[in-house]
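Colleague: Could you have a look at this structure, given as structure tokens, before my questions?
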Amino acid sequence: MQLYGTLACVLGAIVAIGAQARNVTANFDILSYNDVYEMLQDTVEGIKLGGPSRVVPIAKAMREANPNSLVLFAGDTVSPSLWSTQFNGQHMVKAHNAIGLDFASLGNHEFDFGLENFMNVTQASNFPWLNANCYEIANKQLLRGTVPNAVKKLSDPTNGEITIGFFGVMYDMKDSSKGLYWEDPIEAARTQVAALKAQNVDFIIALTHQDLADDNIMSKEVEGIDFIIGGHDHTSMLQTNYGTPYLKADFDFRSIWKSHIEYYAADASNDRKALMTHQAIPIVESMPTDKALDAVIATYQAQMDVLEEQVIGTLCEDLDLSQSVVRTEDCKIGHLFADASRQYYGNDSADIAVMNGGGIRGDKIVAAGNLSLGEVLSWSPFGNTLMTVETNGASLKQYLNKESVASCGANVIQQNGFYVHPSGFNYTYTCTGEGAGSITSLNWLDHPTKSGPIQDTDEFVMALSDYLYTSEFSVIEGVKTTVKVSAAEAERVDSALEAFVTSQADSTVCLPDELRSRVAF
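FYI, the numbering for the sequence shown is -21 to -1, 1 to 500, going by mature numbering (1 follows the signal peptide of the UniProt record, and there is no 0).
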């Protein structure tokens, strides 16, 4: 539990609206989370985190301690995950219902399986979906199954009484293919604040699903909101420095926020005031689980176990996933990962793709013959998503140098997991001394319109995992990077692998012999 205490201390904060202290009108507590797709825990740097079953006891304990309690969710749950492709998000509705969710807002992944599927999700939900700015193109009406706002009165003899107004907005996806359009979330927020104030609420909470920058704008520009609970960024954060305070959790229940709010109504001498205390709670393996939800999860897991035994294709030759291979040399499984990444988004597919050797797991040789879904999924167990970014040749060279230079001086390729497996290009990196080297060959490969050397000024779209983008590429000083498909909008790498296998002729994977990458000494 040391991790729990450390994060709670670091991320705790107090926010005040108003002035002098006086008798409290109402105390209420909020548990909040966002961007949750998985029922099972994730392993992050050797620590198991997340899982809704461990959140249920926390929510129950909060309500027992203070009946004036709320559980709020700021969007993204229907997809993407391995389970979502089989259960269309219904498994996550079971989780939200078990936690006792009061209100949810929309996220961009709610529509991944179409509008009618989302209608099925709302019908199974024991809570309202708040949406003030997403409309159906067909009838110009607010998305079915949603309401723009809601009002809830909390009342308890010990903790007082307060009437709270809620509304939900999300960013404009600018994607008419989903049969939807979006109005400006800022204007929608102003409209909802006015509507809720007309109902004489004491306190207004906005549930948002948008980028950090957009929450900053809302925080500063929309008057009348007392607290913003957001999603979409997949990063835990708390902003209390200016404007309306807001917070976001990370994702997959790896951590959640608990907020305690003391509300003081205005009186003849004082303005209204709210004191807010926020605590980030990591969801770790040692926490107790909810046995009823555990049983539901086990039922889904049993179905997945059967599905993972299904044969989805065949290998025409053995495929080497040995760690000593994928981390040190050009190999066919590296080609498969990179090709699957480059091709996955169809008409929006990338010009090139990169995959790091450390992202390929299994450490074995897979024999030629039948290939099961479970086998393919085991190659990418991290839940990483597949981003695309616009960049250029000079930036690609910087990235290849960053990942390869550790081998220079050792005269052996380091098994640090950063060996770059490419698609759409080939390269040679030549070491010139200890900690020094350069790209000596960088050429287009199998591109429909490009050939020859890649120039520094060449611009193109590159596919890579969210891990590589966040930890290895975007951190390089001076690289050109414009995100096309963000981590929050992306699909999973394992989904790309499955799609690649099933897209081959007769679902048979036969990879050509070709050299794409080389580190020379």
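Built from N, CA and C at the ideal position, the CB exists for glycine as well.
(1) Would the segment 287 to 295 count as touching the segment 311 to 329 if we require 3 or more Cβ pairs under 8 Å?
(2) Less than 8 Å separating the beta-carbons of A111 and F146?
(3) Would you identify the three-state DSSP class for N96, choosing helix, strand or coil?
(4) For L109, which of D91, G93, G139, G144 has the nearest alpha-carbon?
(5) For S402 versus R321, is the C-beta distance shorter than 8 Å?
(6) Could you give the uninterrupted runs of the beta strand (DSSP E) lying entirely in the segment 155 to 183, keeping only those of 3 residues or more?
(7) What does the alpha-carbon distance come out to for the pair G86 and L272?
(8) From the DSSP output, read off the bridge partner residues of I312.
(9) Looking at the unbroken beta strand (DSSP E) that takes in N76, where does it start and where does it end?
(10) Assess contact between the segment 93 to 102 and the segment 127 to 138, defined as three or more Cβ pairs (one per stretch) separated by less than 8 Å. Is contact present?
(11) To which residues of the same chain is I344 closer than 8 Å at the C-beta, ignoring the five residues directly before and after it?
(12) Run the CB neighbour count on K119, radius 10 Å, all protein chains shown included, and call it buried at 16 or more, exposed below.
(13) For R495 and D309, what's the separation of their Cα atoms in angstroms?
(14) CA-CA distance, D246 and K252?
(15) Helix, strand or coil, according to DSSP, for K132 in the structure here?
(16) Buried or exposed: V57, going by 16 or more other Cβ atoms within 10 Å of its Cβ?
(17) Relative to the C-alpha of P127, which residue among S84, F97, T101, I165 is closest?
(18) Check the C-beta distance from Y160 over to I116 and give it rounded, since I have them as a contact under 8 Å.
(19) What did DSSP end up calling M266 once you bin it into helix, strand or coil?
(20) Assuming the contact rule is C-beta atoms closer than 8 Å, A168 and I204 should be a hit. Round their C-beta distance to whole Å, please.
(21) The alpha helix (DSSP H) that contains L352, what's its start and end?
(22) Determine the closest residue to S453 out of N405, V368, I418, M283, with distance taken between C-alpha atoms.
(23) Apply the 10 Å Cβ neighbour rule to Q102 and answer buried if 16 or more other Cβ atoms are within range, or exposed otherwise.
(24) Quick check on DSSP: helix, strand or coil for L(-11)?
(25) Any idea which residues DSSP pairs L226 with across the strands?
(26) Taking only three categories from DSSP, how would you classify residue 528?
(27) Compute the beta-carbon to beta-carbon distance between M366 and A469, rounded to the nearest angstrom, for a pair I have assumed lies under 8 Å.
(28) Take the Cβ of A467 as the centre, count every other Cβ of all protein chains shown within 10 Å, and call the residue buried at 16 or more, exposed below.
(29) Check for me: the alpha helix (DSSP H) holding V472 runs from which residue to which?
(30) Note down the Cα distance separating E288 from L350, rounded to an integer number of angstroms.
(31) Per the DSSP calculation, Y406 is bridged to which residue(s)?
(32) Thinking just about the alpha-carbon of each residue, which of N390, F7, S486, E451 is nearest to the one in F182?
(33) Based on the DSSP output, what are the partners of residue 503 in its beta bridges?
(34) With DSSP run on the structure shown, which of helix, strand or coil describes P360?
(35) Using only the alpha-carbon positions, how far apart do G68 and H88 sit?
(36) Would you list the residues sitting across from F146 in a DSSP beta bridge?
Modeller: Inspection of the coordinates gives the following:
(1) no
(2) As a position in the sequence shown, residue 111 is number 132, starting the count at 1. As a position in the sequence shown, residue 146 is number 167, starting the count at 1. Yes, these two residues count as a Cβ contact at 8 Å.
(3) For the purposes of this step, residue 96 is identified with residue 117 of the sequence shown, where counting begins at 1. Here N96 sits in helix by DSSP.
(4) In the sequence shown, residue 109 corresponds to position 130, counting from 1. Ranking the options by Cα distance to L109, first place goes to G144.
(5) Residue numbering aside, residue 402 sits at position 423 when the sequence shown is read from its first letter. Residue numbering aside, residue 321 sits at position 342 when the sequence shown is read from its first letter. Contact flag set, yes.
(6) 159 to 161
(7) Looking up residue 86 in the sequence shown gives position 107. Looking up residue 272 in the sequence shown gives position 293. If I take the Cα positions, the gap works out to 24 Å.
(8) One-based indexing of the sequence shown puts residue 312 at position 333. I312 is not bridged to any residue.
(9) Looking up residue 76 in the sequence shown gives position 97. N76 -> not in any beta strand (DSSP E); alpha helix (DSSP H) instead, spanning 69 to 78.
(10) no
(11) Numbered from its first residue, the sequence shown carries residue 344 at position 365. The residues are D297, L298, D299, L300, S301.
(12) Numbered from its first residue, the sequence shown carries residue 119 at position 140. So K119 ends up on the exposed side.
(13) Numbered from 1 along the sequence shown, position 516 holds the residue referred to as residue 495. Numbered from 1 along the sequence shown, position 330 holds the residue referred to as residue 309. Using only the alpha carbons, I get a separation of about 7 Å.
(14) Your numbering for residue 246 matches position 267 in the sequence shown. Your numbering for residue 252 matches position 273 in the sequence shown. Answer to the nearest angstrom: the Cα atoms are 11 Å apart.
(15) Within the sequence shown, the letter at position 153 stands for residue 132. Three-state DSSP puts K132 in a strand.
(16) On the sequence shown, residue 57 is found 78 positions in, with the first residue counted as 1. The residue in question, V57, is buried, as its Cβ has 16 or more Cβ neighbours within 10 Å.
(17) The count along the sequence shown starts at 1 and reaches residue 127 at position 148. Nearest C-alpha to P127: S84.
(18) For the purposes of this step, residue 160 is identified with residue 181 of the sequence shown, where counting begins at 1. For the purposes of this step, residue 116 is identified with residue 137 of the sequence shown, where counting begins at 1. At roughly 6 Å, the Cβ-Cβ gap stays under 8 Å, so Y160 and I116 are in contact.
(19) Taking the sequence shown and counting its residues from 1, the one referred to as residue 266 is at position 287. DSSP places M266 in coil when its eight states are reduced to three.
(20) Position 189 of the sequence shown holds residue 168. Position 225 of the sequence shown holds residue 204. That pair is a contact at about 7 Å.
(21) The residue given as residue 352 occupies position 373 in the sequence shown. Element bounds for L352: 352 to 357.
(22) For the purposes of this step, residue 453 is taken as residue 474 along the sequence shown, with counting starting at 1. Taking only the C-alpha atoms, the option nearest S453 is V368.
(23) Here residue 102 refers to the residue found at position 123 of the sequence shown. Burial call: exposed.
(24) If you number the sequence shown from 1, residue -11 lands on position 11. Any answer about L(-11) is weak, because its pLDDT of 38 lies below 50 and its placement is not dependable; what the coordinates show is given next. If DSSP states are grouped into helix, strand and coil, L(-11) belongs with the helices.
(25) Indexing the sequence shown from 1 puts residue 226 at position 247. The partner list for L226 (beta bridge, DSSP) reads I208, L217.
(26) Since the displayed the chain opens at -21 and closes at 500, residue 528 lies outside it and no answer follows.
(27) For this step, residue 366 is matched to residue 387 along the sequence shown. For this step, residue 469 is matched to residue 490 along the sequence shown. With 8 Å as the limit, M366 and A469 qualify as a contact, their Cβ atoms being about 5 Å apart.
(28) Taking the first residue of the sequence shown as 1, we reach residue 467 at position 488. Flag for A467 reads buried.
(29) Within the sequence shown, numbered from 1, the residue matching residue 472 stands at position 493. Per DSSP, V472 belongs to the alpha helix (DSSP H) from 472 to 482.
(30) Against the sequence shown, residue 288 aligns to sequence position 309. Against the sequence shown, residue 350 aligns to sequence position 371. The straight-line gap from Cα to Cα measures roughly 9 Å.
(31) Against the sequence shown, residue 406 aligns to sequence position 427. Per DSSP, L421, S496.
(32) Counting from one through the sequence shown, the residue named residue 182 turns up at place 203. It is F7.
(33) Nothing can be reported for residue 503: it is not among the residues displayed for the chain, which extend from -21 to 500.
(34) Along the sequence shown, one-based indexing puts residue 360 at 381. Coil, per DSSP.
(35) Stepping through the sequence shown from its first residue, residue 68 is reached at position 89. Stepping through the sequence shown from its first residue, residue 88 is reached at position 109. Between G68 and H88, the C-alpha separation is close to 10 Å.
(36) Sequence index remark: in the sequence shown, residue 146 carries index 167 (1-based). F146 is bridged to N128, A185.
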